[in-house]
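A short write-up of the structure that comes next.
Numbering (this note's numbering), first residue to last: 79 to 687.
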């Protein structure tokens, strides 16, 4: 390292140590903003993020993500669209530059003297994909299906782009390790037992997914959008349903979507899937069922609340068919009837009687003739439950080789220490139907995978920074004496922090349910942990509806939109349904197709049940 003048380096260290770059704690700032947002007070969010998001800077992209996420969480889809559009522009600007390798990033002066907070936050692959997917949801709730399709296509393109970027980063890191000692040292640090112990829980979570940039929910939503177009969209819907199933093969909601489309597009695939998953997987092949999720179900698979591996006798059905039962005489161990006739010999002159009738005959209609019912409506429930966990800082003092010597360096890095627990499903009830949502994508392992993929570069930069700061501290002490060295040490400690920035307003889980409902006015009851809600929905024959529910703790927000081109001409799409309505408010003169009800009364407009 070149010789540095104390008069220059020491003031630089002190200035860096007192900049907001080090003092800011993004998770803490976000939690305060979130608390205000769900109380309908955006002053904290705007103070924290709005100013940053409006001008160039290293934190602009993450500020745009948070404002987009917070505004949509509280139901302001129009404002959220603009924030996500701006975030898209900033992300494209960053992507126009060459991807910096781990070693090159470590050689940046700001990163060496401080930490990764000195670098621009460029977002992770899964964040870029989710920003476009969630913006597609915004457009659907604004009755702009064409823009929703555009956003979904962008999300798909980003999944392919991020795959290529990841492969490039891995190749560059391997090349860096071959020529740079800091990169090689990072490999050694990563395998250190103390470091591995801190990463163990996160790595186990990351092992649940194959990468961080592909998302089953993106394909699921895309398939639902195209499916709502009817015959014209079935080809595209089928392609995306297969992609969603590839990423989430055990997700009941994804399986049901796959079967619904396969029945029309690929009968062989439909037959193969029903043989593999069981008849209960096809909710159209069996009567409507009433049930609830059993958390003890080992497979975790359920459709309309009925476990796939549950015994048939456990399913309660409302069916328009009756079953005829014929009494059959008891038989002996060889299959003959008990009694004298069982020993009677049979021959050509005295043939054996016909075999006994089956115990349960084929179902027969209760009423005849069968009256054809009008087409059902389709209601797709999208439930966003919880938020991503925050990152935590780990600081470890480890021996690190520096030239021909060993030095003790403070290594800091971010890690997910507590990934949280699974979210409860949303319960849905109307008429004789009781259903629950099931997980389409759990974002926690995806976030863990994303951080794990970045960890080699993070450790490389951390080690390079630790060695550089130790050398500077030693030079200052040599030139300025013990007191100057002590001051430099304090400044160095203040600069040794992990970068904890991440987009925290992403839903922790996205769950879904897909119900075929008879036409007519329906009162739908929704509930989750700490909240409940009701909405009125006038289901039109052949129409498809989207019910979007977002929940954080005891807060919930429900919105409804009509999808596709099959809605009745006089229906009113994209009516926003508020979870809580002041009972004093006057009802509209003419009732819309989707009307709010009042399960809970709260002046704040927030459901707290």
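Beta carbons are placed, not taken as given, at the ideal position from N, Cα and C, and that holds for glycine.
- Secondary structure of residue 286 (DSSP, three-state): coil.
- Taking all protein chains in view, the Cβ of residue 216 is crowded by 16 or more other Cβ atoms within 10 Å, so the residue is classified as buried.
- Apart from sequence neighbours up to five positions away, the residues of its chain that approach residue 577 with a beta-carbon distance below 7 Å are 193, 194, 195 and 492, ordered along the chain.
- Pairing residue 338 with residue 229, the inter-Cα distance amounts to about 24 Å.
- Counting along the chain, no beta strand (DSSP E) covers residue 330; the unbroken alpha helix (DSSP H) around it starts and ends at 330-343.
- The continuous alpha helix (DSSP H) containing residue 300 extends over residues 294-305.
- In this structure, the straight-line span from the alpha carbon of residue 559 to that of residue 474 is close to 27 Å.
- Linking residue 623 to residue 341 through their CA atoms gives a straight-line distance of about 21 Å.
- Between residue 111 and residue 139, the CB-CB gap reaches or exceeds 9 Å.
- Per the C-alpha coordinates, the member of 129, 547, 296 and 221 positioned closest to residue 161 is 129.
- A residue is called buried once 16 or more other Cβ atoms fall within 10 Å of its Cβ, and residue 106, having fewer, is exposed.
- In this structure residue 135 is exposed. Its beta-carbon is surrounded by fewer than 16 other beta-carbon atoms within 10 angstroms.
- DSSP links residue 600 through a beta bridge to 615.
- The beta carbon of residue 505 sits closer than 6 Å to the beta carbons of 514 and 605 from its chain, once the five residues preceding and following it are set aside; these are given in chain order.
- Closest in alpha carbon position to residue 197, among 231, 344, 462 and 539, is 539.
- In its chain, beyond the 5 residues on either side, 204, 207, 208, 211, 233, 237, 325, 519 and 524 have a beta carbon closer than 8 Å to the beta carbon of residue 293.
- At the C-beta level, residue 582 and residue 144 come within 9 Å of one another.
- A direct Cα-to-Cα measurement between residue 242 and residue 252 gives close to 16 Å.
- In this structure, residue 322 keeps its C-beta atom at 9 Å or more from the C-beta atom of residue 304.
- Measuring C-alpha to C-alpha distances from residue 173 to each of 159, 202, 150 and 158 identifies 202 as the nearest.
- Contact fails between the segment 279-290 and the segment 305-313, because fewer than three Cβ pairs, one in each stretch, are under 8 Å apart.
- DSSP, read as helix, strand or coil, puts residue 487 in strand.
- Minimum Cα-Cα distance from residue 476 among the listed residues 150, 350, 271 and 118 corresponds to 271.
- In the DSSP assignment, residue 637 falls within the beta strand (DSSP E) that extends over 633-641.
- With respect to residue 213, residue 311 sits apart: the two C-beta atoms are not nearer than 9 Å.
- Here DSSP, grouped into helix, strand and coil, assigns residue 547 to helix.
- Here residue 104 carries a helix assignment [DSSP, helix/strand/coil].
- In the DSSP assignment, residue 320 falls outside any beta strand (DSSP E) and lies within the alpha helix (DSSP H) extending over 312-325.
- For residue 463, the pairing in a beta bridge is given by DSSP as 587 and 629.
- Beta-carbon to beta-carbon, residue 595 and residue 455 are separated by about 5 Å, close enough to satisfy the 8 Å threshold.
- A check of alpha carbon separations from residue 279 across 496, 580 and 587 identifies 496 as the nearest.
- Taking C-beta atoms under 8 Å as the contact rule, residue 527 and residue 290 qualify, at a distance of about 4 Å.
- Scanning its chain for C-beta atoms nearer than 6 Å, with the 5 sequence neighbours on each side dropped, one finds around residue 126 the residues 107 and 111, in chain order.
- For residue 522 against residue 585, the beta-carbon gap comes to about 10 Å, at or over 8 Å, which does not count as contact.
- Under the DSSP definition of a beta bridge, residue 624 partners with 458 and 639.
- Residue 166 sits in a helix when the DSSP states are folded into three classes.
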